[in-house]
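Sequential numbering from 5 applies to the sequence shown in the numbering used here.
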Amino acid sequence: MGDVLDSMLDLMRRLPPTRIEENLDSLLNICPEYADDLLGSVDQPLKLLTDKASGREYLACDYNRDGDSYRSPWSNEYDPPLEDGTVPSSKLRRLEIAANDAFDTYREMYYEGGVSSVFLWDQDDGGFAGVVLFKKIINPDQNPSGEEEEKAENSTGSWQSIHVFEASERGRSAHYKLTSTIMLEMVTKTGEAGDVNLSGSLTRQNEVDATLSDQSSHIANTGRMIEDMEIKMRNLLQEVYFGKTRDIVFDLRSIEGMERAKQQKALQRELVGLIKR
5 MGDVLDSMLD
15 LMRRLPPTRI
25 EENLDSLLNI
35 CPEYADDLLG
45 SVDQPLKLLT
55 DKASGREYLA
65 CDYNRDGDSY
75 RSPWSNEYDP
85 PLEDGTVPSS
95 KLRRLEIAAN
105 DAFDTYREMY
115 YEGGVSSVFL
125 WDQDDGGFAG
135 VVLFKKIINP
145 DQNPSGEEEE
155 KAENSTGSWQ
165 SIHVFEASER
175 GRSAHYKLTS
185 TIMLEMVTKT
195 GEAGDVNLSG
205 SLTRQNEVDA
215 TLSDQSSHIA
225 NTGRMIEDME
235 IKMRNLLQEV
245 YFGKTRDIVF
255 DLRSIEGMER
265 AKQQKALQRE
275 LVGLIKR
């Protein structure tokens with residue numbers, strides 16, 4: 005069983021991330037007995053829903069899903085309605101409300117738009133776990149101006165962050181385990197270069213011990229962890245995806261004209277001839 009699941013997960017890592025849902029459906033049709041393990045191990049694109057009570061948008065994923073319903077972080081209600089849906093304890097719910105407000109400020113500072121959601125749940129050992137979600141979509145409808153408008157008309161994409169953590173209190177300190185996944189998609193369409201699709205995902209883990217003064221310390225501690233992790237992963241994505249892609253493009257396609265290249269080669273041959281005399 006382990007070998008089959010590992011093979012499917014390895015295959016999912018190699019297939020285009022823009023078609024995660026389609027590829028998952030294909031694998032589940034072949035091996036339906038692995039549905040729970042596969043769905044629990046593969047991060048899927050975040051869905052954007054609207055809370056009917058407040059009118060505010062929130063993100064839906066496997067961590068706030070119960071059956072076919074999703075719980076809103078704003079009203080704590082499921083959509084479609086679910087009478088016996090899983091909800092956090094009253095103490096944890098208060099922390100969840102405060103965390104949503106805090107990370108909404110973080111989202112505005114770092115992303116300047118997009119949507120964020122935080123969901124917490126109780127664990128059997130007395131601790132708790134949670135997920136912090138961010139999603140920003142880049143599209144031409146953002147009404148840019150001037151030269152930026154022309155570029156935006158041909159560029160679309162999205163940034164999605166999924167930060168899952170576990171918190172275990174140990175007296176006046178807590179131990180945190182964080183697993184972060186970032187899914188990036190950028191599609192550019194230009195007449196000169198054609199269609200360019202740059203997509204991928206990256207997952208990293210970290211563990212930290214931090215002090216506790218009260219329950220709100222959990223928000224500050226996880227916030228620092230997520231901030232540090234996003235900065236590191238953003239730099240890594242820039243180096244791996246954009247840096248390597250630029251190197252490959254420059255190796256395959258010269259940015260200088262053919263006439264200019266011929267002139268440089270002729271000059272090199274002339275210099276070599278002068279040196280040999």
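Even for Gly, the Cβ is constructed at its ideal location relative to N, Cα and C.
Listed in chain order, the beta strand (DSSP E) runs fully inside the stretch 177-233 are 177-194 and 198-215, counting runs of at least 3 residues. Excluding sequence positions up to five before and after L240, its CB lies within less than 7 Å of the CB of L206, all in the same chain and listed in chain order. About 23 Å separates the Cβ atoms of T185 and S159, ruling out a contact at the 8 Å cut-off. Contact between the stretch 209-225 and the stretch 174-181 is present: 3 or more CB-CB pairs across the two stretches fall below 8 Å.
In this structure, DSSP gives K51 an extended state, which the three-state scheme calls strand.
In the DSSP assignment, the residues bridged to A171 are F132 and Y180. Contact check for S79 against S93 fails: the beta carbons are separated by 8 Å or more. Taking C-beta separations shorter than 6 Å and ignoring five residues to either side along the sequence, the partners of S121 in its chain run Y62, L63, P77 and L137, following chain order.
The straight-line gap separating the alpha-carbon atoms of M187 and E263 is approximately 42 Å.
Under the DSSP definition of a beta bridge, D70 partners with S73.
The distance from the Cβ of S165 to that of E231 is about 11 Å, inconsistent with a contact at the 8 Å cut-off. The Cβ atoms of L124 and E87 lie no closer than 8 Å to each other. In chain order, G161 and L202 place their CB closer than 6 Å to the CB of M190, counting only its own chain and leaving out the 5 sequence neighbours on each side.
Contact between I223 and A133 does not hold, since the beta-carbon distance rounds to 14 Å and is not under 8 Å. Assignment of V119 by DSSP, reduced to helix, strand and coil, places it in the strand class. The three-state secondary structure of A39, taken from DSSP, is helix.
For L86, the secondary structure class from DSSP, reduced to helix, strand or coil, is coil.
Cβ contact annotation for N68 (same chain, cutoff 6 Å, sequence separation greater than five): Y74, R75 and F123, in chain order.
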